[in-house]
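In this text, residue positions in the sequence shown follow the working numbering: the first is 98, and each later residue adds one.
Cβ coordinates follow ideal geometry from the N, Cα and C atoms, glycine included.
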Amino acid sequence: MSVTFDFKGKNFVVVGASSGIGRQAAIELSHSGANVLAIGRNLERLAELKKNSPLSLVKHPPRIFTEQLDVLTATPEDWAEVLDNFTSVVGRINGGVYTAGIWGLTPLNSFDEALAHKIFDTSFWGAVNFVQSATRKKFSDGGASFVLMSSIAGEFSGKSLFAYSAAKAAVQAAVKSFAAEIIRNKHRINSVAPALVKTEMMQNEMYAAAASEEIISRHLLGVGTARDVAGMILFLLSDRAAWITGQNFFVDGGYTVGSYT
Ligand SMILES: NC(=O)c1ccc[n+]([C@@H]2O[C@H](COP(=O)([O-])OP(=O)(O)OC[C@H]3O[C@@H](n4cnc5c(N)ncnc54)[C@H](OP(=O)(O)O)[C@@H]3O)[C@@H](O)[C@H]2O)c1
C-alpha cells in the first residue's frame, strides 16, 4: 500500500532544502504537484536539486525555485525578498518546512561559545525568523501549514549536547506558542522530532562517533532515511492534518521505546 499526496497548484517553501530531510521533502512536494521554493546556502547542491523538478508532461509543470540564504545572517528584509520573488510568480504559499540545522558537541566545561550559538541559532532563531516572515498575510494563504524540525535530543539529551538539545526543545516549545498566535489566519504549525537519520549530518565525525552500535541498536526499526521523515512532513502539510496544530511528533524508528526495553 502506498500513500500519495496531491499538492497540485500549491506552493511551499523548504528552508534547508539543499541536503538530507529538506531535500527529500522538496522533491516529494514537487513530485506531488507543488511549486517549491528551496532555500539553502550551497548553490551547487541547490542547482542539482532543481534537476529533480518533474518532467514537463503537463503544460505548466510544478517547479523548484531556488534561493541562496544564510539563516544565521538573514534580515527580515532578506526573508521578505526571497518570499516576494517566489510569491510574485506562483502566488501566496500554502505552507513551509524549516529543516536548517547543524549538529555539534559543546561540553559544559570547555564549550566553544561561537559553535554553541551557531547550533542554537540555526535550529531555533532561523526558524523563528522564517515563521515570522512566512506567516504574514502578504506571503501566506489562509490555512497554511508549517513544520519545524526538532529532534529526539529535544527531550532525551546526552553528554555535551546542551546547545543542540536546548535548540530542539525550544523549537517544540515555540511551536505551541506560535500555534496559538497564527490560528488567527487559520494557519497551523507542528514539529517533527527524528532519531538517527542517514543524511549528511551523520557524516559529521563527532556525530558518527556518537552514533555508537549501542545507540543504533536502540532503533527497533533501524536507522532512518530522509524518506522516512518526509512522509510525516508531507502529512502535516496536507489537509489530512487539518485538525492538528501545536504538536510535536517523534519519528524515531522505535528509538525511545528501544531505549527503555
Ligand atoms: N539526520 C539526523 O539524524 C537528524 C536527527 C534529528 C533531527 N535532525 C534535524 O533535521 C534537520 C535536517 O537535518 P539533515 O539530517 O537533513 O541535515 P543535513 O543533510 O546536514 O541538511 C541540513 C540542511 O540545513 C541547511 N543549513 C545549515 N545551516 C544553514 C544556514 N546557516 N543557512 C541556511 N541553510 C542552512 C543546509 O544547507 P546548506 O549547507 O546549503 O546551507 C542543509 O540543507 C536538522 O534541523 C537536524 O537537526 C536530523
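With residue i and residue j assumed to form a contact (beta carbons below 8 Å), what rounded beta-carbon distance in angstroms separates them?
i: residue 184; j: residue 236; result: 5 Å
i: residue 272; j: residue 317; result: That belief does not hold up - the Cβ atoms of residue 272 and residue 317 are roughly 26 Å apart, past 8 Å.
i: residue 161; j: residue 122; result: Actually they are not in contact, since the Cβ atoms of residue 161 and residue 122 sit about 12 Å apart, beyond 8 Å.
Taking the alpha-carbon of residue i as reference, which of the options has the nearest alpha-carbon?
i: residue 347; options: 336, 358, 328; result: 328
i: residue 104; options: 121, 126, 267; result: 126
i: residue 231; options: 110, 274, 312, 219; result: 110
i: residue 264; options: 219, 189, 345, 102; result: 219
i: residue 165; options: 151, 146, 225; result: 146
i: residue 349; options: 337, 312, 124, 335; result: 312
i: residue 242; options: 194, 169, 303; result: 194
i: residue 245; options: 278, 340, 192, 283; result: 192
i: residue 108; options: 177, 163, 190, 148; result: 190
i: residue 279; options: 142, 149, 343, 352; result: 343
Indicate, with yes or no, if ligand 1 has a heavy atom lying under 7 Å from the CB of residue i.
i: residue 139; result: yes
i: residue 291; result: yes
i: residue 299; result: yes
i: residue 329; result: no
i: residue 119; result: yes
i: residue 355; result: no
i: residue 166; result: yes
i: residue 303; result: no
i: residue 110; result: no
i: residue 296; result: yes
i: residue 199; result: yes
i: residue 205; result: no
i: residue 358; result: no
i: residue 334; result: no
i: residue 130; result: no
i: residue 98; result: no
i: residue 270; result: no
Can you have a look at residue i and say buried or exposed, based on whether 16 or more other CB atoms are within 10 angstroms of its CB?
i: residue 234; result: exposed
i: residue 140; result: exposed
i: residue 281; result: exposed
i: residue 206; result: exposed
i: residue 182; result: exposed
i: residue 357; result: exposed
i: residue 228; result: buried
i: residue 117; result: buried
i: residue 274; result: exposed
i: residue 106; result: exposed
i: residue 305; result: exposed
i: residue 188; result: exposed
i: residue 203; result: buried
Going by the C-beta, is residue i closer than 7 Å to any heavy atom of ligand 2?
i: residue 238; result: Absent from the structure shown: ligand 2. Ligands present: ligand 1.
Are three or more beta carbon pairs between the segment 280-287 and the segment 312-325 nearer than 8 Å?
no
Using 8 Å as the Cβ pair cut-off and three pairs as the minimum, do the segment 241-260 and the segment 290-307 touch?
Yes, the segment 241-260 is in contact with the segment 290-307.
Would you call the segment 207-218 and the segment 116-132 in contact, with 3 or more CB pairs under 8 Å?
The segment 207-218 is not in contact with the segment 116-132.
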